[in-house]
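Notes follow the structure.
Number of protein chains: 2
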Amino acid sequence: MTPPSRHITLKDLARELGVSTASVSNAFNRPDQLSPRLRERILSEAQRLGYQGPDARARTLRTGRSRIIAVVLAETLTYSLNDAVSSELLTGIAEVLDDHGHTLLLLSGRQPGSRQTSGTASMADGFIVYGLMPSAMLLNELPSQRPLVAVDFNIDGQPMVHIDNEPASHDIACHALATPPRRIGVLTLRLTETPCNGRVTEEQPWLTAERTITRARLDGFHRAFAEHGIDPASVPVWNIEENTHDVCAPVIASILDLPDDERPDLLLCMSDRIALTALTLAEQRGLRVPEDLRLTGFDGIAEGQYRAPRLTTIRQDSVEKGRVAARMILGLEAPRAQLLRTELIVGDSCP
Amino acid sequence: MTPPSRHITLKDLARELGVSTASVSNAFNRPDQLSPRLRERILSEAQRLGYQGPDARARTLRTGRSRIIAVVLAETLTYSLNDAVSSELLTGIAEVLDDHGHTLLLLSGRQPGSRQTSGTASMADGFIVYGLMPSAMLLNELPSQRPLVAVDFNIDGQPMVHIDNEPASHDIACHALATPPRRIGVLTLRLTETPCNGRVTEEQPWLTAERTITRARLDGFHRAFAEHGIDPASVPVWNIEENTHDVCAPVIASILDLPDDERPDLLLCMSDRIALTALTLAEQRGLRVPEDLRLTGFDGIAEGQYRAPRLTTIRQDSVEKGRVAARMILGLEAPRAQLLRTELIVGDSCP
DNA sequence: CTGAAAGCGCTTACAG
DNA sequence: CTGAAAGCGCTTACAG
Numbered sequence: 001m002t003p004p005s006r007h008i009t010l011k012d013l014a015r016e017l018g019v020s021t022a023s024v025s026n027a028f029n030r031p032d033q034l035s036p037r038l039r040e041r042i043l044s045e046a047q048r049l050g051y052q053g054p055d056a057r058a059r060t061l062r063t064g065r066s067r068i069i070a071v072v073l074a075e076t077l078t079y080s081l082n083d084a085v086s087s088e089l090l091t092g093i094a095e096v097l098d099d100h101g102h103t104l105l106l107l108s109g110r111q112p113g114s115r116q117t118s119g120t121a122s123m124a125d126g127f128i129v130y131g132l133m134p135s136a137m138l139l140n141e142l143p144s145q146r147p148l149v150a151v152d153f154n155i156d157g158q159p160m161v162h163i164d165n166e167p168a169s170h171d172i173a174c175h176a177l178a179t180p181p182r183r184i185g186v187l188t189l190r191l192t193e194t195p196c197n198g199r200v201t202e203e204q205p206w207l208t209a210e211r212t213i214t215r216a217r218l219d220g221f222h223r224a225f226a227e228h229g230i231d232p233a234s235v236p237v238w239n240i241e242e243n244t245h246d247v248c249a250p251v252i253a254s255i256l257d258l259p260d261d262e263r264p265d266l267l268l269c270m271s272d273r274i275a276l277t278a279l280t281l282a283e284q285r286g287l288r289v290p291e292d293l294r295l296t297g298f299d300g301i302a303e304g305q306y307r308a309p310r311l312t313t314i315r316q317d318s319v320e321k322g323r324v325a326a327r328m329i330l331g332l333e334a335p336r337a338q339l340l341r342t343e344l345i346v347g348d349s350c351p
Numbered sequence: 001m002t003p004p005s006r007h008i009t010l011k012d013l014a015r016e017l018g019v020s021t022a023s024v025s026n027a028f029n030r031p032d033q034l035s036p037r038l039r040e041r042i043l044s045e046a047q048r049l050g051y052q053g054p055d056a057r058a059r060t061l062r063t064g065r066s067r068i069i070a071v072v073l074a075e076t077l078t079y080s081l082n083d084a085v086s087s088e089l090l091t092g093i094a095e096v097l098d099d100h101g102h103t104l105l106l107l108s109g110r111q112p113g114s115r116q117t118s119g120t121a122s123m124a125d126g127f128i129v130y131g132l133m134p135s136a137m138l139l140n141e142l143p144s145q146r147p148l149v150a151v152d153f154n155i156d157g158q159p160m161v162h163i164d165n166e167p168a169s170h171d172i173a174c175h176a177l178a179t180p181p182r183r184i185g186v187l188t189l190r191l192t193e194t195p196c197n198g199r200v201t202e203e204q205p206w207l208t209a210e211r212t213i214t215r216a217r218l219d220g221f222h223r224a225f226a227e228h229g230i231d232p233a234s235v236p237v238w239n240i241e242e243n244t245h246d247v248c249a250p251v252i253a254s255i256l257d258l259p260d261d262e263r264p265d266l267l268l269c270m271s272d273r274i275a276l277t278a279l280t281l282a283e284q285r286g287l288r289v290p291e292d293l294r295l296t297g298f299d300g301i302a303e304g305q306y307r308a309p310r311l312t313t314i315r316q317d318s319v320e321k322g323r324v325a326a327r328m329i330l331g332l333e334a335p336r337a338q339l340l341r342t343e344l345i346v347g348d349s350c351p
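From first to last, the protein sequence lines stand for chains A and B.
Residues 1 to 351 in UniProt numbering are what the first sequence spells out, letter by letter.
Residues 1 to 351 in UniProt numbering are what the second sequence spells out, letter by letter.
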C-alpha cells in the first residue's frame, strides 16, 4: 500500500528502496554505473510507485542544460505559423532537434517581450533568430552567454545561415527580360523604414541591407535592368508590408486596375505569395498569364508549383536552412556564416 | 572594474551590493516588497554588471512553474507546421499564451518519444494534445499531475475542445444531395486501422469514433444518404492517410481516371486539402467543376476561399479552438468538454 | 559497484 | 522595509 503522495521524488524512491539517490539517478541516466540487477529493481519499483523519471526542472538547473532550443521569430507567431517559407524553416529545425532529443520553444520578437516571456527565454540552451528584427530589444534580453544563430539576416559577430539573394534575383530578372517587356513593375517586401503598402516614392528612406533581405533582392533586379539597358530608376516599385494574401491583395489590385497603357506586363515579385495573389487577381480580371501579364516569384513554395499556371520562381530550400541552423546551434556543425544555393525554376507564369 | 565573471548570479549581485538575496529577488519580482530607492539601486547595478535577471531555470525549480505550455501533436511537426488547420490551431494557442506571458513548446507524438524528449516534456506547466494519437505511449509519459486538454479527440476524464462533426457533415451532404448526383464518392482521412491509401473494402476494420473524427463525419454523411433514399453501403469510400497534396493526389487521380460511367460526379471530401487537390487534378483533366464534378470540402481554409472556383465547405474556427484550449490550460476558463460551432459555406465547387 | 554530500540559482515564509 | 535560512529535485565528483 503506497500512500498516493502528492508527488513522488527521486529521493522518496531511494528511501523506499534503501539505496542512495545517486543509484536511482544512475538507473535512469547512466545504466553502466550500476549493476543490471539493481537497475532493474529501481526501475520496476519506480514504475510501481508511479515515478515518471527524474524531474526535468531540477535536472535542468543542476546540469545547466534544458534540451530546449528557442526559435525567435521576427514576425508574429500567427504569421510565422501560416507562412509557407517560415513553416518550412521550422520544419527543418524541428527535424534536427527531434533527432537529437531536443525540443522547440517558439518565441516571437513582435510582442514587446513582456519581462515574463523574455524571462522564459532563458530556459533555452540556444537561440535561432529568424528574419528582420523589429527592434533590438528582445535580442538584448537574450542570455548573452548562450549560442545564437541568425537566419536570413546579420547580427555582427554571430554565425548565420542565408541565401544568395542578389545573384538569385539577378538570374530570375535576366530570365524575364530575355523577352522584352513593355512595362515592368517590382513588388517588394518590407523595403521602407516606415510601413508602406503601395507605390514607393523617392523620398522614403529604405531599410539597410543588414536589416532586410529585400535590399539584396532589389539590387539583383537593378543589376539585371542595367545590363539590359533599362534605367533602374525608371522602374516603379510597390511595397508590401506583410507577405499575406490579405495585405498583398489591395496593392496588387491597384496595379492591375491601372489603365492598359500604364499597367505593367511583367511583375517581378519578391515572394511566391505575392505572385500567387497577383495570379488570382489577374484571373479574376480576365487578364491572361503569361500572355497579358508575366509574373515571377521567389521562394518556390509548393502552392506555386501545384496550381496552373506554375510559377516561375527562385527555389530556396528553407527546410535545409532550418536544418543547418539547428545543427549549428547544437554544435554538430561549425558555427559560421553559411550560404545556401538557390535554383531558378522556369514555370508557366513567365516562360 | 568588474572582473567579467563567467556568469553572474543573483547571489553575486546581492553580495556586491551588500543586500540580501531576498531583496534582489524582490527587486525583480515584487516591486512592492522593497523601497523604490533600494530597488532602483539594485536594478541599475544589475544593468551595470550585466545581470539579466533571475535565471528561469532556477526560478522554475523553485516555484514549480515554467510558464511553458507544451502542445503535443499527433502528427509529425513537419505536417503540423505546414497544414493550414493545425497551423491555425497553433496560432490560437500562441495568441493566448503570449497574452499571458507563457510560451509554446512543440512536441510530436509521432517520434516514439525518446526518453530525452519525453523527459523535456515535464518542463511544461500543462499540455494541449491535438488529434489522433498513434499510440498511448507519449501520453502515458506525460506528468500525470499536470493539466491536460485534448483537442479533436477524447481522453477519458479530461477536458476537451471539439466541433460538431456529425451534424456539420450531415449539413453539407444534404446541401450537396439537394441536386441529385449520378454517382457519389466519399474521401475519408485516416479511417482504417491499418494504413490505406485508396478504396476502402468491407473487410478493413475501422478506427473507433474515440480515436478519429473521421467516424463522426462519415456518420453524418451516411445519415444524409439514408434521408435521401441512398443506401450508405452503396457509396464507395476512398481513404487517404495524410492530409497533404502528395498523398492525396494518387488516390484522387485513380478516381478521376475511372471510365466516365464509373466516375463519381459528386465527391464529398473530409478536408479542404483533399478537395483542393481534386480540383487541381480535375482541371488538369479538363473536367469542369461544378458542371462535370461537384466537390465539397471541410475546414474552410483560406486557400480554398481565395481561388476560383471557391470551395463549398464547412468552416470551423481552428484559431478559436486553439484559444479555448489555451484558456482552459491556463485556468482562465473552466476545464470541460466544449463544443464549437461550424458553418456551411456554399461556394462554387458545389453550388 | 555503491553511498554521503555538496551545490545548481533561485523564492518565500518568517523573524526582526 | 530588510535579511538569514530553508529547500525546490536533481547530478556529479569523490571516497569507500
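We put the beta carbon where it would ideally sit given N, CA and C, even for glycine.
query	result
Put methionine 1 of chain B into one of helix, strand or coil per three-state DSSP.	Summary for methionine 1 of chain B: the model assigns pLDDT 34, below 50, so the residue's position carries little reliability; its value from the coordinates is reported in the next sentence. Note: methionine 1 of chain B maps to coil in three-state DSSP.
Using a Cβ-Cβ distance under 8 Å, would serine 66 of chain B count as near chain A?	yes
When Cβ atoms are compared, which residues of the region 297-311 of chain B fall closer than 9 Å to chain A?	Ala302, Glu303, Tyr306, Arg307, Ala308
Below 8 Å, can you find three or more Cβ-Cβ pairs linking the region 14-34 of chain A to the region 19-37 of chain B?	no
Which first and last residues belong to the alpha helix (DSSP H) in which arginine 48 of chain A is found?	36-49
Listing by chain order, which chain B residues have their CB less than 8 Å from the CB of alanine 56 of chain A?	Gly119, Thr120, Ala121, Ser122, Met123
Please check if any C-beta of chain A sits within less than 8 Å of the C-beta of alanine 94 of chain B.	yes
Which residues, taken in chain order from the region 143-160 of chain B, show a beta carbon closer than 9 Å to some beta carbon of chain A?	Pro143, Ser144, Gln145
Considering only residues of the same chain and omitting the five flanking positions on each side of arginine 65 of chain B, which have a CB-CB separation below 6 Å?	Asp125
Give me the residue from B:Asn140, B:Ala14, B:Thr103, B:Arg310 with the minimum Cα distance to glycine 50 of chain A.	B:Asn140
For glutamate 45 of chain A, tell me which candidate among A:Arg59, A:Gly18, A:Arg67, A:Ile68 has the shortest Cα-Cα distance.	A:Gly18
Work out the CA separation of methionine 160 of chain B and leucine 256 of chain A for me, nearest whole Å.	47 Å
Residues bridged to isoleucine 128 of chain A by DSSP?	A:Val71, A:Val149
Is asparagine 239 of chain B helix, strand or coil when you go by DSSP?	strand
Please tell me whether leucine 107 of chain B and alanine 150 of chain B are closer than 8 Å, where the distance is taken between their beta carbons.	no
Would you say glycine 101 of chain A lies against chain B (beta-carbon separation less than 8 Å)?	yes
Where leucine 330 of chain A and aspartate 98 of chain A are concerned, what is the direct C-alpha to C-alpha distance, given to the nearest angstrom?	11 Å
DSSP three-state label for valine 200 of chain B, please.	coil
By DSSP, does cysteine 350 of chain B sit in helix, in strand, or in coil?	coil
Which runs of the alpha helix (DSSP H) fall wholly inside the region 282-324 of chain A and span at least 4 residues, in chain order?	302-306
Suppose you measure from the CA of serine 80 of chain A to the CA of glycine 109 of chain A; what does that come to, to the nearest Å?	11 Å
In chain A, which residues lie with their C-beta within 8 Å of the C-beta of serine 108 of chain B?	Ala94, Asp98
From asparagine 165 of chain A to phenylalanine 225 of chain A, what does the alpha carbon distance come to, in whole angstroms?	16 Å
Please decide whether residue 366 of chain A counts as near chain B, where near means a Cβ-Cβ distance under 8 Å.	It is not possible to answer for residue 366 of chain A, since the shown part of chain A is limited to 1 through 351.
Measuring CA to CA, which of A:Ala173, A:Leu339, A:Gly198, A:Thr312 is closest to alanine 325 of chain A?	A:Leu339
Answer with yes or no whether the minimum CB distance from serine 87 of chain B to chain A is below 8 Å.	yes
Between which two residues does the alpha helix (DSSP H) holding alanine 94 of chain A run?	84-99
Taking the alpha carbon of valine 247 of chain A as the point to measure from, which residue in A:Ala282, A:Cys196, A:Val96, A:Lys321 has its own alpha carbon closest?	A:Cys196
Could you tell me the distance, in whole angstroms, from the CA atom of arginine 37 of chain A to the CA atom of leucine 61 of chain B?	32 Å
With a cut-off of 8 Å on the beta carbons, I'd call leucine 148 of chain B and leucine 191 of chain B a contact; round off their distance for me.	Leucine 148 of chain B to leucine 191 of chain B, Cβ: 26 Å. No contact.
Counting along the chain, where does the beta strand (DSSP E) carrying threonine 21 of chain A start and finish?	Counting along the chain, threonine 21 of chain A falls outside any beta strand (DSSP E), though it belongs to the alpha helix (DSSP H) covering 21-29.
Out of B:Thr120, B:Asn26, B:Leu89, B:His222, which has the shortest C-alpha to C-alpha gap to arginine 67 of chain A?	B:Thr120
Who are the neighbours of threonine 78 of chain B on chain A, taking C-beta pairs under 8 Å?	Thr91, Ala94, Glu95
Give a yes or no on whether the minimum CB-CB distance between leucine 43 of chain B and chain A is below 8 Å.	no
Using a C-beta to C-beta distance shorter than 7 Å, which residues of chain A count as neighbours of asparagine 26 of chain B?	The premise fails here: asparagine 26 of chain B is roughly 14 Å from chain A at the closest Cβ pair, so nothing lies under 7 Å.
Specify, as a first and last residue, the run of the alpha helix (DSSP H) that leucine 177 of chain B falls within.	165-177
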